[in-house]
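Chemist: In our numbering, the protein residues as written are 15 to 212.
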Amino acid sequence: MVEATGGDLAGLRDRTLLLLGFTMMARRSELARVDLGDVRIVDDGLEVFLSTSKTDKDSAGSTVRVPYGTLALTCAVRTTRAWLEALAERGLTEGPLLRGVDRHGRLAGTPGATGRGRGRMSGAGINLVVKRLSEAVGLEGVSAHSLRAGSATAAAMAGVPRAQIAFQGRWEPKSTAVDAYIRPADAWRDNPMRKVGL
15 MVEATGGDLA GLRDRTLLLL GFTMMARRSE LARVDLGDVR IVDDGLEVFL STSKTDKDSA
75 GSTVRVPYGT LALTCAVRTT RAWLEALAER GLTEGPLLRG VDRHGRLAGT PGATGRGRGR
135 MSGAGINLVV KRLSEAVGLE GVSAHSLRAG SATAAAMAGV PRAQIAFQGR WEPKSTAVDA
195 YIRPADAWRD NPMRKVGL
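1. Assess contact between the stretch 54–70 and the stretch 161–169, defined as three or more Cβ pairs (one per stretch) separated by less than 8 Å. Is contact present?
2. So within the stretch 47–120, which uninterrupted beta strand (DSSP E) runs reach at least 3 residues, ignoring any that extend past its ends?
3. Could you compute how far the alpha carbon of glycine 164 sits from the alpha carbon of leucine 33?
4. Counting only runs that start and end within the stretch 150–205, where is the beta strand (DSSP E) found for 3 or more residues in a row?
5. Whose CA, out of Gly35, Arg208 and Lys209, lies closest to the CA of arginine 162?
6. Helix, strand or coil: how does DSSP classify arginine 13 here?
7. On the three-state DSSP scale, how would you describe arginine 29?
8. Classify methionine 39 as buried or exposed, calling it buried when 16 or more other Cβ atoms lie within 10 Å of its own Cβ.
9. With a threshold of 16 other CB atoms inside 10 Å of the CB of glutamine 178, please say whether the residue is buried or exposed.
10. Using alpha carbons as the reference points, say which of Gly75, His159, Leu101 and Glu17 lies closest to cysteine 89.
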């Protein structure tokens, strides 16, 4: 899906959306709410502050840490930095991180751009981008929720402990919701038939 994004400004936004959403195990509503001021570049990667989320009943907020990836193409940190630089070059240093890009390559919320408001992408808009890119590469049944579920499953398949997955995805420690993504991965990774020598 990352390779299906274009080389233009909209493509860079789409790569940022995909990679940041995946590494943060983000809900689409969380991604839509991130502002430029919520993203901090640190030595080890990014710190993204989420002012509220589904399980944050008191809206205390939480900081999600995103480390550098091994591959430049799929590194959320490098991609997000490039997006931040592209926004800054266009005079945008505050407001929404993820914003619309019109068919002329103009950012929503800037002079001359089509569309209304400050340009913040909605959760529905994020979902449309994910669906469009998944269809472009022949994947079915993929939505913005797949960024969250897929990363939890991938982490479980890589042997990441449940508590760490729950923490990164902002699931309650005792939540059974995260188990829906972890159990199928564990069932394959730890399947007893792998050890019987068939």
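Cβ coordinates follow ideal geometry from the N, Cα and C atoms, glycine included.
Modeler: Checking against the coordinates, here is how it stands:
1. Judged by Cβ distances under 8 Å, the stretch 54–70 makes no contact with the stretch 161–169, as fewer than three pairs qualify.
2. Listed in chain order, the complete beta strand (DSSP E) runs (minimum 3 residues) inside the stretch 47–120 are 53–56, 59–64 and 76–81.
3. Within the sequence shown, numbered from 1, the residue matching residue 164 stands at position 150. Within the sequence shown, numbered from 1, the residue matching residue 33 stands at position 19. Rounded to whole angstroms, glycine 164 to leucine 33 spans 12 Å at the Cα level.
4. Within the stretch 150–205, no beta strand (DSSP E) run of at least 3 residues lies entirely inside it.
5. To locate residue 162, count along the sequence shown from 1; it is residue 148. Shortest Cα-Cα distance from arginine 162 to any of Gly35, Arg208 and Lys209 involves Gly35.
6. The requested residue 13 does not occur in the structure, where the chain is confined to residues 15 to 212.
7. On the sequence shown, position 15 is the one that residue 29 refers to. The DSSP-derived three-state label of arginine 29 is helix.
8. Translated into positions along the sequence shown, residue 39 becomes position 25. Taking all protein chains in view, the Cβ of methionine 39 is crowded by 16 or more other Cβ atoms within 10 Å, so the residue is classified as buried.
9. Locating residue 178 in the sequence shown gives position 164, counting from the first residue. That one is exposed.
10. In the sequence shown, counting from the first residue as 1, residue 89 sits at position 75. The shortest C-alpha separation from cysteine 89 is found at Glu17.
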